[in-house]
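Here the structure comes first, spelled out in structure tokens, and everything after it is commentary.
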Amino acid sequence: RHQPAIRTCHPTDMLRRLFCHCLSPQTAGAKADLSTRASRDVGGSKFDLARLATLIADPDAKVIVMAGAGISVSAGIPDFRTPGTGLYDNLQSYGLPNPQAIFDLGFYQRNPRPFQRLCRELWPGNFKPTPTHAFFKVLHDKGRLVRVFSQNIDSLESAAGLPADAIVAAHGNFDDAYVVGSGRPVPIGEVREAAFGGEADWDALAARYGGNVKPGTMRRAEASVLLPYSITPTQRMQSLIPNP
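Under my numbering, the residue at position 167 of the sequence shown is numbered 152, and the numbers go up by one with no gaps.
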């Protein structure tokens, strides 16, 4: 019998496609539909918050988290697309061809200054983890959490105390840094000094390592390295996944 493609797709591919789909502007209006589908019946019980809590309370429950910018808004970090307050609406002073360019690797190679300026504002330590991040840590401490797949670059999952092997940052984060092109690792502390210094510090860093240096944040163009280790096909995560 013919099986839907999503059932035979390797989990890494499935997650990559899902993240890219969720980030596309065309999906911005689909969130209400997603919420509706999340409320459908699962195993004879409505899939609402109470049902979710019951499932998580099961000692055998295994939870995968897929998170986006909304979990960090209460920390003071703007999301990307909310009109008026979103990050993309507040980048006019950076002289970008379009707001998305600030996270584009090709644009960074041509003109690294806008992202270098933004680094100081987004750098971990300026913001504290939210109750949502703390909840992820509770799930981990109780042995429920398999992994957090996050679109966020703010490193608040790490700041909340999650170990590196519990986090897959689909767009990277500020936990490490590298030379663009060669991939040569750079101590993140040196990048922080440049971020809180000035253009001369960034230039000195580039001269020292032989190319533009950036934190491990990445745009979708860099995401071909995404998640080869993240989840094996044999891991069955049925507790929080509604059957079709």
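Heads up, the beta-carbon is just placed ideally off N, CA and C, and yes, glycines get one too.
For K113 and V50, the rounded distance between their alpha carbons: Numbered from its first residue, the sequence shown carries residue 50 at position 65. Numbered from its first residue, the sequence shown carries residue 113 at position 128. If I take the Cα positions, the gap works out to 19 Å.
In this structure, what does DSSP give as the bridge partners for A52? Residue 52 sits at position 67 when you count from the first residue of the sequence shown. According to DSSP, A52 bridges with S135.
Just curious, the alpha helix (DSSP H) that A144 is in, first and last residue? Counting from 1 along the sequence shown, the entry for residue 144 is found at position 159. Run containing A144: L141 to A144, per the alpha helix (DSSP H) assignment.
With respect to the alpha helix (DSSP H) encompassing V176, which residues constitute its N-terminal and C-terminal limits? As a working mapping, residue 176 is identified with position 191 in the sequence shown. I173 to A180 is the span of the alpha helix (DSSP H), which, as asked, contains V176.
Is the distance from the Cβ of R129 to the Cβ of I41 below 9 Å? Counting from 1 along the sequence shown, the entry for residue 129 is found at position 144. Counting from 1 along the sequence shown, the entry for residue 41 is found at position 56. A contact, by the Cβ cut-off of 9 Å.
With a cut-off of 8 Å on the beta carbons, I'd call V165 and P200 a contact; round off their distance for me. By 1-based counting over the sequence shown, the position of residue 165 is 180. By 1-based counting over the sequence shown, the position of residue 200 is 215. Contact doesn't hold; Cβ gap of about 11 Å is too wide.
Whole-angstrom Cβ separation of I62 and D139, contact assumed at under 8 Å? Mapped onto the sequence shown, residue 62 falls at position 77. Mapped onto the sequence shown, residue 139 falls at position 154. Yes, they are in contact, since the Cβ atoms of I62 and D139 sit about 6 Å apart, within 8 Å.
Just the Cα atoms here: how many angstroms apart are L225 and P172? Taking the sequence shown and counting its residues from 1, the one referred to as residue 225 is at position 240. Taking the sequence shown and counting its residues from 1, the one referred to as residue 172 is at position 187. With a pLDDT of only 47 at L225, under 50, the local geometry of the prediction cannot be trusted, and no value is derived from it.
Please state the DSSP three-state secondary structure of V164. What you label residue 164 is simply residue 179 of the sequence shown in a count that begins at 1. Correct three-state label for V164: strand.
Verify whether the separation of the beta carbon atoms of E178 and D186 is less than 9 Å. On the sequence shown, residue 178 is found 193 positions in, with the first residue counted as 1. On the sequence shown, residue 186 is found 201 positions in, with the first residue counted as 1. Cβ atoms of E178 and D186: closer than 9 Å.
For the pair the stretch 92 to 106 and the stretch 122 to 137, tell me if three or more CB-CB distances fall below 8 Å. Not touching, per the Cβ criterion.
For A54, which of P170, T115 and G110 has the nearest alpha-carbon? Reading the sequence shown from its first residue, position 69 is the one you call residue 54. Selected option, being the one with the closest Cα: T115.
Does any heavy atom of the ligand FMN sit closer than 8 Å to the C-beta of A191? This structure lacks the ligand FMN; in fact it carries no ligand of any kind.
By how many angstroms is the C-alpha of E142 removed from the C-alpha of K127? Position 142 of the sequence shown holds residue 127. Position 157 of the sequence shown holds residue 142. Each residue's Cα considered, the two are about 16 Å apart.
Where L76 sits in the DSSP three-state scheme: As a working note, residue 76 is residue 91 in the sequence shown. Coil, per DSSP.
Just to confirm the assignment, what range does the alpha helix (DSSP H) spanning V123 have? Along the sequence shown, one-based indexing puts residue 123 at 138. Per DSSP, V123 belongs to the alpha helix (DSSP H) from P116 to D126.
Own chain, CB closer than 7 Å to G146, minus 5 neighbours either side, in chain order: By 1-based counting over the sequence shown, the position of residue 146 is 161. Cβ neighbours of G146 beyond the five flanking positions: K122.
Bridge partners for A154 per DSSP, in chain order? As a first step, residue 154 must be located in the sequence shown, where it is residue number 169. Its beta-bridge partners are S135.
Identify which residue in A155, V131 and A35 has its Cα closest to the Cα of A46. Within the sequence shown, residue 46 is the residue found at index 61, counting from 1. When only C-alpha atoms are compared, the closest one is V131.
Considering only the alpha carbon of each residue, which of A155, L81 and Y93 lies closest to A191? Indexing the sequence shown from 1 puts residue 191 at position 206. Considering only alpha carbons, the answer is Y93.
If I measure Cβ to Cβ from A154 and keep anything under 6 Å in the same chain, skipping five residues before and after, which residues do I get? In the sequence shown, the residue the question calls residue 154 occupies position 169. Counting only Cβ-Cβ distances below 6 Å, and skipping sequence neighbours, we find S135.
Can you tell me which of the three DSSP states P84 falls into? Start at 1 with the first residue of the sequence shown, and residue 84 comes out as number 99. Three-state result, P84: helix.
Given this structure, state the Cα-to-Cα distance separating V48 from A60, to the nearest angstrom. Taking the first residue of the sequence shown as position 1, residue 48 is located at position 63. Taking the first residue of the sequence shown as position 1, residue 60 is located at position 75. Roughly 24 Å between the two C-alpha positions.
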